[in-house]
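J.:
Residue numbers (the working numbering), protein chains in the order written: chain P, 5 to 176; chain H, 28 to 150.
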């Protein structure tokens with residue numbers, strides 16, 4: 005079990021990061037909301053149970069995004085086994101998406117487009133455009149070189165714009 | 028509006044939509060982890076057991092076939108001679124036909140007493 009004081013601090017910070025963490029989990033799970041919720045819960049559980057410890061070598065957000073990414077990879081690897089698992093606790097249903105229709109349609113179109121590009125492209129685009137962090141920071145979270153991150157960024161951007169243009173999506 | 032601005036605008040809308048449907052933090056933080064399926068334990072253990080059994084059988088088979096210096100009794104020459112030859116020895120060699128030279132029959136067979144090899148030959 006992690007140190008209670010440290011855990012309380014981490015909990016407080018993670019609560020403020022929760023929406024971003026969920027968005028990142030979505031990006032790591034191909035925009036699948038059920039899988040993203042599952043992965044995020046597993047990532048939180050790793051921290052509560054002491055399976056993942058924050059050592060302060062990087063920003064908490066960078067570290068936790070790495071934990072989510074790793075958990076998503078593990079989740080995919082054991083998917084065939086996990087299908088047989090029984091959820092111990094059923095999380096409350098997420099509220100339905102609301103907001104203006106045009107915004108919702110744009111968000112859904114972008115979400116669909118993101119699900120169609122490669123994993124690395126989706127990750128780097130999410131980190132740069134969704135989180136507003138630099139490509140260099142994104143490369144650290146993705147554990148790739150800066151050159152590789154840049155390559156995925158450029159190709160991903162071109163692919164997303166191509167998909168959105170072909171679908172006739174406009175950003176009002 | 029350039030491409031980057033268009034994407035930034037689109038991602039901002041996506042962020043808002045995701046934020047609205049994110050499950051509550053408290054429920055996720057306090058939720059216990061998923062119970063590990065019995066398969067996660069059974070599968071590796073079963074695989075290891077099968078691998079160990081297969082390794083033992085292979086080892087046992089090799090040990091049984093290998094001649095032991097202490098237990099191997101001297102085999103009488105008669106038994107050796109009567110032992111069936113391996114099939115590969117009985118098969119004709121692919122280049123055996125090269126040995127079929129004229130007059131080979133006279134070298135490999137015993138001539139009849141009542142018949143000369145030169146019988147029928149006339150100068």
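Cβ atoms here follow ideal geometry from the backbone N, Cα and C, with glycine treated the same way.
#1: With a threshold of 7 Å between beta carbons, is residue 156 of chain P in contact with chain H?
#2: Touching or not, the stretch 26-36 of chain P and the stretch 121-139 of chain P, by the rule of three or more beta carbon pairs under 8 Å?
#3: At the 7 Å Cβ level, is residue 171 of chain P part of the contact set with chain H, yes or no?
#4: Assuming the contact rule is C-beta atoms closer than 8 Å, residue 46 of chain H and residue 113 of chain P should be a hit. Round their C-beta distance to whole Å, please.
#5: Pairs of beta-carbons, one from the stretch 68-84 of chain P and one from the stretch 68-79 of chain H, closer than 8 Å: are there three or more?
#6: What are the residues in the stretch 29-42 of chain H lying within 7 Å of chain P by C-beta distance?
#7: Counting only beta-carbon atoms, is residue 55 of chain P nearer than 7 Å to chain H?
#8: Can you tell me whether DSSP reads residue 46 of chain H as helix, strand or coil?
#9: Quick check on residue 148 of chain P: does DSSP put it in helix, strand or coil?
#10: Considering only C-alpha positions, which residue in the set P:81, P:79, P:46 and P:11 is nearest to residue 64 of chain P?
#11: Taking the alpha helix (DSSP H) that residue 67 of chain P falls in, what are its first and last residues?
#12: Against residue 164 of chain P, what residues of chain H qualify as contacts under a CB-to-CB distance less than 8 Å, listed in chain order?
#13: For the alpha helix (DSSP H) holding residue 48 of chain P, just list the boundary residues, first then last.
#14: For residue 55 of chain H and chain P, any beta-carbon pair shorter than 7 Å?
#15: Using a 10 Å radius around the Cβ and a threshold of 16 neighbouring Cβ atoms, would you call residue 37 of chain H buried or exposed?
#16: Rounded to the nearest angstrom, how far is the Cβ of residue 143 of chain P from that of residue 149 of chain P, given a contact under 8 Å?
#17: Do we get a CB-CB distance below 7 Å when we pair residue 87 of chain H with the residues of chain P?
#18: Could you give the first and the last residue of the continuous alpha helix (DSSP H) run that contains residue 52 of chain H?
T.: Working from what's here:
#1: no
#2: yes
#3: no
#4: Wrong, their Cβ atoms sit about 18 Å apart, outside the cutoff.
#5: no
#6: 30, 33, 34, 35, 36, 37, 38, 40, 41 and 42
#7: no
#8: helix
#9: coil
#10: P:11
#11: 64-81
#12: 34
#13: 37-52
#14: yes
#15: buried
#16: 6 Å
#17: no
#18: 52-57
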